[in-house]
Amino acid sequence: MKIFVMGVGRMGAWLVEEFCHDYEVAAYDIDSRRMKYLFNAQRFTSLEEVKKFDPDLVINAVNLQHTIKAFEDVLPYVREDCILSDITTVKFEVQRFYKKVRRRFVSTHPMFGPTFANIRDLRDENAIIIKESDEEGKKFFRNFYGSLNLNIYEYSFKEHDEITSYSLGTPFASSLVFAACMKKQDAPGTTFKKHLAIARGLLSEDDYLIAEVLFNPHTLKQIERINSQLSYLTHIIRARDYDEMKRFLDRLRENICDIPRKS
277 MKIFVMGVGR MGAWLVEEFC HDYEVAAYDI DSRRMKYLFN AQRFTSLEEV
327 KKFDPDLVIN AVNLQHTIKA FEDVLPYVRE DCILSDITTV KFEVQRFYKK
377 VRRRFVSTHP MFGPTFANIR DLRDENAIII KESDEEGKKF FRNFYGSLNL
427 NIYEYSFKEH DEITSYSLGT PFASSLVFAA CMKKQDAPGT TFKKHLAIAR
477 GLLSEDDYLI AEVLFNPHTL KQIERINSQL SYLTHIIRAR DYDEMKRFLD
527 RLRENICDIP RKS
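According to the working numbering, the sequence shown holds residues 277 to 539 in order.
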């Protein structure tokens, strides 16, 4: 199989590294300096070179803001039965694109990133494969993600965006609020330092990606739930109600994997 990877950022470079030992791989990025350290892969300087390479699978790993444009730019250089693939965090726009072009596609979402995950050991990480994808494409990514010991789930486009509004939108919003309330700490505690590291990692991500996760139509409901719980917690604190605080904390422990109640 011939695989062409567009976009050699953190995820794109990781994909090239993973695929280059078992497949014939080529890569392209508008910033050619990003390809300097790629090995065992062809490095293209223009999309015109894709036509001669004739890939079986095109993986679009450019940032979310330019995903559709990148697909549109490469389409003239790939054959009709070439499988198009994306790894986008929010699927609404790519779903519309696939419906419009009527090409074979496989849409997946590795639910981790080089910012936080240990890409040498992904056994506790997850990946989503979109149900509507081409069967051959789904089989390829099931085998690939399975070889990394990832937990693999299949969801529809709609289900995916509903799930990520919770699994990404909620922690994104929480980290942004934490960062918004930051002030310099000379002697921070362990919990503070861990939260700070997460917030810094998030804010090192692409602005458009963060915005699109939060602009996901389903995310607003999660933000409203956060506001509701913060208001409730504020009420408990203001009243210094120890009994209600205990009930609140017990409910939270039940929410997160049944941590035993404290007496």
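Idealized CB from N, CA, C, for every residue including glycine.
From a predicted model like this one, the values you see are computed outputs, not experimental measurements.
Please classify residue i as buried or exposed, where buried requires at least 16 other C-beta atoms within 10 Å of its C-beta.
| i | result |
| --- | --- |
| A515 | exposed |
| N316 | exposed |
| S441 | buried |
| N336 | buried |
| S432 | exposed |
| C296 | buried |
Is any heavy atom in the ligand SAH found nearer than 7 angstroms to the beta carbon of residue i?
| i | result |
| --- | --- |
| S432 | In the structure on display, the ligand SAH does not appear, and there are no ligands present to speak of. |
Pick helix, strand or coil for residue i, following the three-state DSSP scheme.
| i | result |
| --- | --- |
| E438 | helix |
| A456 | helix |
| E530 | helix |
| A463 | coil |
| S409 | coil |
| K415 | helix |
Taking the DSSP output, what are the residues bridged to residue i?
| i | result |
| --- | --- |
| V281 | A303, I335 |
| S361 | I335, V382 |
| R319 | A303 |
| A403 | P386, I428 |
Report yes if the CB atom of residue i is closer than 8 angstroms to the CB atom of residue j, and no otherwise.
| i | j | result |
| --- | --- | --- |
| N492 | V366 | yes |
| V370 | T343 | yes |
| H363 | P386 | Reading off the sequence, residue 363 comes out as Ile, not His. Yes. |
Give me, in chain order, the residues of the same chain whose beta-carbon lies closer than 7 angstroms to that of residue i; leave out the 5 immediate sequence neighbours on both sides.
| i | result |
| --- | --- |
| F468 | Q461 |
| E356 | none |
| V350 | M282, L323, V326, V334 |
Using a Cβ-Cβ cut-off of 6 angstroms (strictly less than) and excluding sequence neighbours within five positions of residue i, which residues of its own chain qualify?
| i | result |
| --- | --- |
| F424 | Correcting the residue type first, residue 424 is Leu in the shown sequence and not Phe. Here the set comprises L398. |
| E488 | L340, V366 |
| R379 | L360 |
To which residues of the same chain is residue i closer than 8 angstroms at the C-beta, ignoring the five residues directly before and after it?
| i | result |
| --- | --- |
| P464 | L472 |
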